[in-house]
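Let me begin by presenting the structure, written as structure tokens, before commenting on it.
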Amino acid sequence: MRRSSSRQKQIRRWDLFSRLSGGYLTPNVVYREVVEQGMRLGYPGAQETRRQLFDSHIIRRVDPQKIPVGASPDGIVLQLAREKKATLYSDDQTLIRRAQRAGLSAFRFPDALLILLQAMKISSAEYPALLLELRARGRIDDATRLLYLKLAGIRIQRGSMAKTREPKMEEIAISIPKELLRLVDSYARKHLEDRSTALRQLVAEALRYREWKEAAEDYQKGRATLWEVAARLGLHYREAEEVLLTLGVPLVHVEAGEVDMDKIEQETRNLRRTRHPKA
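Each residue of the sequence shown is one higher than the one before, starting from 3 at the first, in this note's numbering.
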């Protein structure tokens, strides 16, 4: 177990630990940071964390056999995961990326919820509620919540749009540039379409291209991951890759928030096979 900050608000769903397979380990340096320091500073939940997870032996305190000289807490966590060949769960993005670069199996907490959902350890009603709770507690942002709803195949209910005044035909005629009409006529001749069909097609393609460009720019500047781009454009992961490559955007395969669905599916299969998790 590794938290990014002992000040972070918990959702206090201790029962979720028992639904994942295997036992839980954390090094003493993390226990001191999360529990002991949290209790000294009066952080709410530190004492309950100790009682619910450590006093009940759900999480065991174990140090790695070999601790490099001057190792940081994150380095000690990675060393323990490496020695025990364990899966790492964390909401610390830097730690997750370091673990993945080191070839370790590492998941964010929303990944763990997705694994539990796919293994039928939590219900389809419980899953979005837990994501919403993580969002409310500041553990994930709303884009991440929507992404994990999409990954789970849960449709997002959107509010009805407010009605707007229908423009008059005179206003429409004045606002159409002549250059656009020439493009429409050219498109209609090329594709053997009538003008109205050509106009609809042109507008649809232009809007789609603009959406692609905006998503590609966000990806290039690190504001969105490849999975978030795919969800935003309503595409599969590989289709989103093709769009970015078509626009000349180089792909970055190890990035913040990237979701490794192959590993999630493997973890799901492992969990389904585990009927009696270890204490």
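Ideal placement from N, C-alpha and C gives every residue a C-beta, glycine not left out.
Starting from the Cα of residue i, find the closest Cα among the options and give me that residue.
{"i": "Pro112", "options": "Gln222, Arg14 and Ile142", "result": "Ile142"}
{"i": "Arg15", "options": "Gly105, Leu115, Ala108 and Tyr33", "result": "Leu115"}
{"i": "Thr283", "options": "Thr89, Gly155, Lys86 and Arg110", "result": "Because residue 283 is not part of the residues shown, which for the chain are 3 to 281, the question remains open."}
{"i": "Asp93", "options": "Leu228, Ala108, Ala83 and Glu85", "result": "Ala108"}
{"i": "Gly155", "options": "Ser188, Asp76 and Gln120", "result": "Gln120"}
{"i": "Lys265", "options": "Asp76, Thr89, Met41 and Gly250", "result": "Thr89"}
{"i": "Pro179", "options": "Asp196, Leu201 and His193", "result": "Leu201"}
{"i": "Ile117", "options": "His193, Leu106 and Phe19", "result": "Phe19"}
{"i": "Gln67", "options": "Lys86, Leu133, Gly140 and Glu35", "result": "Lys86"}
{"i": "Asp59", "options": "Lys152, Gly24, Tyr45 and Ala73", "result": "The displayed chain sequence assigns His, not Asp, to residue 59. Among Lys152, Gly24, Tyr45 and Ala73, the Cα nearest to that of His59 is on Gly24."}
{"i": "Leu55", "options": "Tyr45, Glu35 and Asp17", "result": "Asp17"}
{"i": "Arg274", "options": "Tyr45, Lys123 and Gly72", "result": "Lys123"}
{"i": "Tyr26", "options": "Ala48, Tyr91, Arg53 and Arg84", "result": "Tyr91"}
{"i": "Leu151", "options": "Tyr129, Arg271 and Leu136", "result": "Tyr129"}
{"i": "Ala226", "options": "Asn272, Arg191 and Ala145", "result": "Ala145"}
{"i": "Ile98", "options": "Asp262, Glu267 and Asn272", "result": "Asp262"}
{"i": "Leu153", "options": "His238, Glu207 and Ala101", "result": "His238"}
{"i": "Ser74", "options": "Arg53, Glu35 and Met41", "result": "Glu35"}
{"i": "Pro252", "options": "Gln49, Leu228 and Glu267", "result": "Leu228"}
How would you label residue i, buried or exposed, when you count the other beta carbons within 10 angstroms and need 16 or more for buried?
{"i": "Glu269", "result": "buried"}
{"i": "Ala131", "result": "exposed"}
{"i": "Ala138", "result": "exposed"}
{"i": "Ala127", "result": "exposed"}
{"i": "Arg103", "result": "exposed"}
{"i": "Ala242", "result": "buried"}
{"i": "Val205", "result": "exposed"}
{"i": "Leu22", "result": "buried"}
{"i": "Glu230", "result": "buried"}
{"i": "Leu43", "result": "exposed"}
{"i": "Arg147", "result": "buried"}
{"i": "Gly250", "result": "exposed"}
{"i": "Val282", "result": "Past the boundaries of the shown model lies residue 282; the chain is included only from 3 to 281, so the question cannot be answered."}
{"i": "Gly105", "result": "exposed"}
{"i": "Leu209", "result": "exposed"}
{"i": "Lys223", "result": "exposed"}
{"i": "Gly72", "result": "exposed"}
{"i": "Gly140", "result": "exposed"}
{"i": "Leu149", "result": "buried"}
{"i": "Leu183", "result": "exposed"}
Pull the bridge partners of residue i from the DSSP assignment, please.
{"i": "Pro63", "result": "Checking the displayed sequence, the identity of residue 63 turns out to be Arg instead of Pro. The partner list for Arg63 (beta bridge, DSSP) reads Thr28."}
{"i": "Tyr45", "result": "Paired residues: none, contrary to the question."}
{"i": "Leu90", "result": "Ala108"}
* At which residue ranges does the segment 122 to 159 contain complete alpha helix (DSSP H) runs of 4 or more residues, listed in the order of the chain? -> As for any alpha helix (DSSP H) of minimum length 4 sitting wholly inside the segment 122 to 159, the runs are 128 to 138 and 144 to 153, ordered along the chain.
* Where in the segment 179 to 228 do unbroken runs of the alpha helix (DSSP H), each at least 4 residues long, occur, reported from the N-terminal end onward? -> Within the segment 179 to 228, the complete alpha helix (DSSP H) runs of at least 4 residues are 180 to 193 and 197 to 222.
* **Contact between the segment 244 to 254 and the segment 205 to 222 (3+ Cβ pairs under 8 Å)** => Between the segment 244 to 254 and the segment 205 to 222, the count of C-beta pairs closer than 8 Å reaches three or more; the two stretches touch.
* To do: Could you tell me whether the segment 231 to 238 touches the segment 66 to 84, where touching means 3 or more Cβ pairs closer than 8 Å?
  => Short answer: they don't touch.
* Determine contact between the segment 53 to 65 and the segment 20 to 31, defined as no fewer than three beta-carbon pairs at a distance below 8 Å. => With three or more CB-CB distances shorter than 8 Å, the segment 53 to 65 counts as touching the segment 20 to 31.
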